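Engineer:
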Amino acid sequence: TYVIAQPCVDVKDRACVDECPVDCIYEGKRMLYIHPDECVDCGACEPVCPVEAIFYEDDTPEEWKSYFDANAAFFDDLGAPGGAAKMGEIDHDAPFVAGLEPQNQ
Ligand code: F3S
Ligand code: F3S
2 TYVIAQPCVD VKDRACVDEC PVDCIYEGKR MLYIHPDECV DCGACEPVCP VEAIFYEDDT
62 PEEWKSYFDA NAAFFDDLGA PGGAAKMGEI DHDAPFVAGL EPQNQ
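Under full-length UniProt numbering, residues 2 to 106 are what the sequence shown spells out, in order.
Dropping the structure here:
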């Protein structure tokens, strides 16, 4: 799967959403999250993010490895909705993301 990491927090550019052929990039309150089971590893989202927040799981920088779990944890209560568009902005974040200081990139 691909993973969204810290540069997305409090930025939420959303350019990635338009590129995803399977609509698996979901919007939380402070960042967006890729559904690890719905992502088909097409790679289309990665180059369009203006802040370079998106990585293939194995290429996620060491300092942001925790975002692999954060992306998965976002869906603990949601399961596999099968499409982000119909969900709109979802009113929570992965716990560790919710607790981050405001990011000012
Ligand atoms: Fe975030 Fe980049 Fe997408 S800032 S919403 S990962 S285009
Ligand atoms: Fe996955 Fe990004 Fe493609 S989330 S399905 S690699 S557009």
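Note that the Cβ used here is the ideal one computed from N, Cα and C, for glycine as well. Treat the numbers as computed from the prediction; the structure is a model and nothing was measured.
What first and last residue would you give for the alpha helix (DSSP H) that runs through Lys98?
Structural biologist: Inspection of the sequence shows that residue 98 is occupied by Val rather than by Lys. Segment 96–99, the alpha helix (DSSP H) holding Val98.
Engineer: Could you pull the start and end residues of the alpha helix (DSSP H) that Val18 belongs to?
Structural biologist: From DSSP, the alpha helix (DSSP H) with Val18 extends over 16–20.
Engineer: Should Cys50 and Asp14 be called a contact, given that it needs their Cβ atoms to be closer than 8 Å?
Structural biologist: The answer is yes: Cβ separation under 8 Å.
Engineer: Can you give, in chain order, each stretch of the alpha helix (DSSP H) that sits fully within the UniProt domain "4Fe-4S ferredoxin-type" (31–60) and has at least 4 residues?
Structural biologist: Listed in chain order, nothing qualifies, since the UniProt domain "4Fe-4S ferredoxin-type" (31–60) has no complete alpha helix (DSSP H) run of 4 or more residues.
Engineer: Near ligand 1, which residues have their beta-carbon less than 7 Å from any of its heavy atoms, given in chain order?
Structural biologist: With the cut-off at 7 Å, the residues found are Ile5, Pro8, Cys9, Val12, Lys13, Asp14, Arg15, Ala16, Cys17, Val18, Ile26, Met32, Leu33, Cys46, Val49, Cys50, Pro51, Val52, Ala54, Ile55.
Engineer: Quick one, are the C-beta atoms of Cys43 and Pro22 less than 8 Å apart?
Structural biologist: In this structure, Pro22 lies closer than 8 Å to Cys43 by Cβ.
Engineer: Compare the C-alpha of Ala73 against each of Pro37, His93, Glu64 and name the closest.
Structural biologist: The candidate whose alpha carbon is nearest that of Ala73 is Pro37.
Engineer: List the endpoints of the continuous beta strand (DSSP E) containing Val4.
Structural biologist: Per DSSP, Val4 belongs to the beta strand (DSSP E) from 3–5.
Engineer: Please confirm whether any heavy atom of ligand 2 lies closer than 7 Å to the CB of Tyr68.
Structural biologist: No - ligand 2 has no heavy atom lying nearer than 7 Å to the Cβ of Tyr68.
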